[in-house]
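J.: The working numbering applies: residue 126 is where the sequence shown begins, and numbers increase by one.
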Amino acid sequence: MLDLKKEIESMNERLNLESITEIEYFPRYLEIEAYDGCNFDCIMCPLGKSIYKGGGAISLELFDKIVLEISKYKDWINLVCLSRNGEPLINKNIHIMVKKLKDAGIKRVNFSTNASALTEKKSRQLIEAGLDEIRFSIDGYTKQTFELVRKGGNFDKVIENCINFIKIRNQLKSKTQIQVRYVEQKANTHEVEDWKNFWLEKLEKTDVVASKKMHSWGNKLDNFEGEIDDKLKKPCISPFSTLEILYDGTVPLCGCDYKPTVVLGNIKNSSLIDIWNSEKFKKIRNHHISGNRNKIEICVGCEIWDSRVKSIYYKKS
126 MLDLKKEIES
136 MNERLNLESI
146 TEIEYFPRYL
156 EIEAYDGCNF
166 DCIMCPLGKS
176 IYKGGGAISL
186 ELFDKIVLEI
196 SKYKDWINLV
206 CLSRNGEPLI
216 NKNIHIMVKK
226 LKDAGIKRVN
236 FSTNASALTE
246 KKSRQLIEAG
256 LDEIRFSIDG
266 YTKQTFELVR
276 KGGNFDKVIE
286 NCINFIKIRN
296 QLKSKTQIQV
306 RYVEQKANTH
316 EVEDWKNFWL
326 EKLEKTDVVA
336 SKKMHSWGNK
346 LDNFEGEIDD
356 KLKKPCISPF
366 STLEILYDGT
376 VPLCGCDYKP
386 TVVLGNIKNS
396 SLIDIWNSEK
406 FKKIRNHHIS
416 GNRNKIEICV
426 GCEIWDSRVK
436 SIYYKKS
């Protein structure tokens with residue numbers, strides 16, 4: 126039987142809160158979409174280049190508006206991520222965005238990338254801008270498997286780019302953490318062990334090598350290999366922790382709401398704090414905290430941020 130009080134206490138612990146009402150101050154996490162669109166067509170993602178017609182890069186003018194507001198909450202915010210639906214490295218200003226955030230006092234800045242556009246020049250720019258963490262999504266150990274899963278990708282180029290970034294990071298004696306991540310699915314499960322050993326050998330002990338099962342993208346992924354629990358009532362932590370901002374200023378419900386289907390506002394005509402504490406957002410949180418999350422279609426059965434559905438972290442032996 127679901128113990129909502131216990132679930133709320135668990136969220137408080139995860140977010141370092143005394144009370145869940147403290148979240149009204151400001152989100153702990155923000156995801157800002159640097160680029161809307163992708164050059165890959167991955168089989169476990171509904172946003173590939175053949176499906177999702179990207180809108181381009183977020184403007185620096187809009188980005189500056191975001192930075193100005195979040196700088197007021199720099200001591201509260203745990204992380205700002207510069208990736209959401211698209212490939213952030215396609216945005217030629219990504220290193221400038223990183224530096225603006227770090228200059229504003231944001232403690233941790235990161236993004237996920239397919240590394241296809243990670244040139245040596247861009248690597249140096251990002252490291253020198255103060256990037257705290259970069260996440261490489263590499264879902265195969267062999268060229269055949271990688272290019273089957275990450276359609277449109279060039280395995281040899283991606284691996285070369287990642288290895289070069291590691292070398293440059295080490296040469297510059299930077300503290301930028303590197304994460305290499307793997308989405309396990311039928312097409313690549315047989316290569317996890319070799320993949321794990323390869324990257325553990327290349328990286329430092331302070332870096333991260335991890336794998337995780339594919340998720341359903343809010344019940345929207347046609348080829349999802351898991352099972353949807355449509356009776357799930359446990360509140361999701363995302364509405365209490367994270368604010369998503371798309372390239373055009375739109376604020377959707379969460380990271381899985383890629384269309385989006387639930388629009389909470391737009392930062393072009395609202396502040397982040399007003400959207401965060403809007404009646405619409407509060408209603409969504411109330412649904413979750415009262416065990417009624419299934420009243421929200423995109424939340425039905427979604428477990429992407431459930432602490433029970435954890436990544437597997439690998440360490441050097």
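Glycine included, each C-beta is placed from N, C-alpha and C at the ideal position. Note that the structure is predicted; figures quoted are calculated from it, not measured.
If distances are taken between C-alpha atoms only, which option among LEU140, LEU127, SER237 comes closest to CYS163?
T.: Within the sequence shown, residue 163 is the residue found at index 38, counting from 1. Checked all of LEU140, LEU127, SER237; the closest Cα to CYS163 is SER237.
J.: Going by Cα to Cα distance, which pick from ARG209, GLU134, ASP128, PHE151 is closest to LEU397?
T.: One-based indexing of the sequence shown puts residue 397 at position 272. Nearest C-alpha to LEU397: PHE151.
J.: Can you tell me which of the three DSSP states ILE259 falls into?
T.: As a position in the sequence shown, residue 259 is number 134, starting the count at 1. In the structure shown, ILE259 sits in a strand (DSSP, three-state: E or B).
J.: Report all residues from its chain with a CB closer than 8 Å to the CB of GLU309; omit the five preceding and five following residues, and keep chain order.
T.: Indexing the sequence shown from 1 puts residue 309 at position 184. Here the set comprises VAL317, SER336, LYS337, LYS338, MET339.
J.: Kindly indicate which three-state DSSP category LYS356 falls into: helix, strand or coil?
T.: In the sequence shown, the residue the question calls residue 356 occupies position 231. Coil.
J.: Is the segment 280-288 touching the segment 230-248 in the sense that three or more CB pairs, one from each, lie closer than 8 Å?
T.: The segment 230-248 vs the segment 280-288: in contact.
J.: Leaving out the 5 sequence neighbours to the left and right, which residues in its chain are closer than 6 Å to LYS358 when beta-carbon positions are compared?
T.: As a first step, residue 358 is located in the sequence shown; it is residue number 233 there, counting from the start. LEU127, GLY416.
J.: How should ILE437 be labelled, buried or exposed, when 16 other C-beta atoms within 10 angstroms of its C-beta is the threshold for buried?
T.: Here residue 437 refers to the residue found at position 312 when the sequence shown is read from its first residue. Label assigned to ILE437: exposed.
J.: In terms of residues, what are the limits of the alpha helix (DSSP H) holding LEU464?
T.: Residue numbering for the chain in the displayed model covers 126 to 442; residue 464 lies beyond these limits and cannot be assessed.
J.: Leaving out five residues before and five after SER403 in sequence, what residues of the same chain have Cβ atoms less than 7 Å from its Cβ?
T.: By 1-based counting over the sequence shown, the position of residue 403 is 278. So the list reads LEU389, GLY390, once near-sequence residues are dropped.
J.: Inspect the beta-carbon positions of ASP257 and ARG294 and report whether they are closer than 8 Å.
T.: Position 132 of the sequence shown holds residue 257. Position 169 of the sequence shown holds residue 294. No, the pair does not count as a contact, with Cβ atoms beyond the cut-off.
J.: Assign HIS445 to buried or exposed, taking buried as 16 or more other Cβ atoms, counted over all protein chains shown, within 10 Å of its Cβ.
T.: This structure leaves residue 445 out entirely; the chain is present only between 126 and 442.
J.: Considering only C-alpha positions, which residue in the set LYS356, ILE362, ASP228 is nearest to ARG153?
T.: The residue you call residue 153 lines up with position 28 of the sequence shown. With distances taken between Cα atoms, ARG153 lies closest to ILE362.
J.: Does DSSP put ALA254 in a helix, in a strand, or in coil?
T.: In the sequence shown, counting from the first residue as 1, residue 254 sits at position 129. Looking at ALA254 - three-state DSSP - the assignment turns out to be helix.
J.: Does the separation of the CB atoms of MET222 and LEU204 fall below 8 Å?
T.: Along the sequence shown, read from residue 1 onward, the residue named residue 222 stands at position 97. Along the sequence shown, read from residue 1 onward, the residue named residue 204 stands at position 79. No.
J.: Please give the ranges of any alpha helix (DSSP H) in the segment 266-308, keeping only runs that are unbroken, at least 4 residues long and fully inside the region.
T.: Correct list: 268-274, 280-296.
J.: Flag this pair as touching only if the segment 324-335 and the segment 294-307 have three or more C-beta atom pairs under 8 Å; answer yes or no.
T.: Output reads yes: the segment 294-307 touches the segment 324-335.
J.: Check the C-beta distance from PHE165 over to GLY255 and give it rounded, since I have them as a contact under 8 Å.
T.: Taking the first residue of the sequence shown as 1, we reach residue 165 at position 40. Taking the first residue of the sequence shown as 1, we reach residue 255 at position 130. Actually they do not touch by this definition, with Cβ atoms about 27 Å apart.
J.: Check this for me: beta carbons of ALA240 and PHE261, under 8 Å apart or not?
T.: Start at 1 with the first residue of the sequence shown, and residue 240 comes out as number 115. Start at 1 with the first residue of the sequence shown, and residue 261 comes out as number 136. Result yes, Cβ atoms of ALA240 and PHE261 sit closer than 8 Å.
J.: Which value, in whole angstroms, describes the spacing of the CA atoms of TYR372 and LEU378?
T.: Counted from its first residue, the sequence shown places residue 372 at position 247. Counted from its first residue, the sequence shown places residue 378 at position 253. Rounded to whole angstroms, TYR372 to LEU378 spans 15 Å at the Cα level.
J.: What is the DSSP secondary structure of CYS424, counted as helix, strand or coil?
T.: On the sequence shown, position 299 is the one that residue 424 refers to. It is helical.
J.: Among residues of its own chain, excluding the 5 on either side of ILE176, which ones have a beta-carbon nearer than 7 Å to its beta-carbon?
T.: Locating residue 176 in the sequence shown gives position 51, counting from the first residue. Bear in mind that a pLDDT of 48 at ILE176, under 50, signals an unreliable position, so the number given afterwards is only what the model happens to contain. Nothing meets the Cβ criterion.
J.: Alpha carbon to alpha carbon, how far is ILE414 from LYS130? Give it in angstroms, no decimals.
T.: Position 5 of the sequence shown holds residue 130. Position 289 of the sequence shown holds residue 414. Each residue's alpha carbon lies about 9 Å from the other.
J.: What does the Cβ neighbour count give for GLU143, buried or exposed, with the cut at 16 atoms within 10 Å?
T.: The residue given as residue 143 occupies position 18 in the sequence shown. Under this definition GLU143 is an exposed residue.
J.: Pick helix, strand or coil for PHE165, following the three-state DSSP scheme.
T.: For the purposes of this step, residue 165 is identified with residue 40 of the sequence shown, where counting begins at 1. Three-state DSSP puts PHE165 in coil, outside helix and strand.
J.: Report, in whole angstroms, the separation of the C-beta atoms of LEU172 and ASN216, which I expect to be a contact under 8 Å.
T.: Taking the first residue of the sequence shown as position 1, residue 172 is located at position 47. Taking the first residue of the sequence shown as position 1, residue 216 is located at position 91. Rounded, the Cβ-Cβ distance is 16 Å, inconsistent with contact.
J.: Near GLU158, what residues of its chain come up, given a Cβ to Cβ distance below 7 Å and the 5 sequence neighbours on each side ignored?
T.: What you label residue 158 is simply residue 33 of the sequence shown in a count that begins at 1. Within the same chain, GLU158 has close Cβ partners ILE183, ARG209, ASN210, GLY211, ILE370, LEU371, TYR372.
J.: Can the beta-carbon of ASP355 be found less than 8 Å from the beta-carbon of VAL425?
T.: For this step, residue 355 is matched to residue 230 along the sequence shown. For this step, residue 425 is matched to residue 300 along the sequence shown. In this structure, VAL425 lies closer than 8 Å to ASP355 by Cβ.
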